[in-house]
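Just below is one structure, and these are the notes that go with it.
In the working numbering, the protein residues as written are 6 to 159.
If you want it as structure tokens, here you go:
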């Protein structure tokens, strides 16, 4: 299934605006909420670690909780610094691992406007799905236009 023609892709780039378009991957309120939740979890861990029942806690369970908390810290940090870019070559997002797809590899794209984060799901010609987060209004509008240009042809 072919994607948009060269003319359609040029019209898409013109509709999106000057490229590269870049913006934060996650909305600010989601990032703030993630750090508030982590702060509450940290306070509860501290309270439990200094409480009277600390000697009855299994060390493996305590260690598992700390490891999970550290993983959540890493995810929250990447949410904080992650950035999505739309270029003339394709779409990319910095994350724990770099997400990237070139325009010619996109077979179908779907815009998913969730309350928490607006996403663009790109289905590649190899059957892989690549999900990009859009934390700014400009990215969300561009995602909707990309999904329209790469809608499934029936």
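Just so it is clear, CB atoms sit at the ideal spot from N, CA and C, and this is done for glycine as well.
For clarity, every value in this text was computed on a predicted model and none was experimentally measured.
Helix, strand or coil: which one does DSSP assign to residue 132?
-> coil
From what residue to what residue does the beta strand (DSSP E) around residue 26 run?
-> 26-29
Beta-carbon contacts of residue 159 that lie in its chain and below 6 angstroms, excluding the five residues immediately before and after | Note that residue 159 scores 41 on pLDDT, short of 50, meaning its location in the model is unreliable; the coordinates nonetheless yield the value given after this. Result list for residue 159: empty, nothing under 6 angstroms.
Can you name the start and end residues of the beta strand (DSSP E) that residue 89 belongs to?
-> 88-91
Other residues of its chain near residue 44: CB distance less than 7 angstroms, five sequence neighbours each side excluded = none
By a C-beta neighbour count over all protein chains shown, 10 Å radius and 16 as the cutoff for buried, is residue 71 buried or exposed?
-> exposed
DSSP state of residue 71 mapped onto helix, strand, coil | helix
Consult DSSP for residue 118 and reduce its assignment to one of helix, strand or coil.
-> strand
Going along the chain, which residues of its own chain have a beta-carbon closer than 7 angstroms to the beta-carbon of residue 21, five neighbours each way excluded?
-> 91, 147 and 150
Buried or exposed by the 16-neighbour rule on C-beta atoms within 10 Å, applied to residue 93 = exposed
So residue 96 and residue 137 are in contact, right, with Cβ under 8 angstroms, and what is the actual spacing, rounded?
-> 6 angstroms
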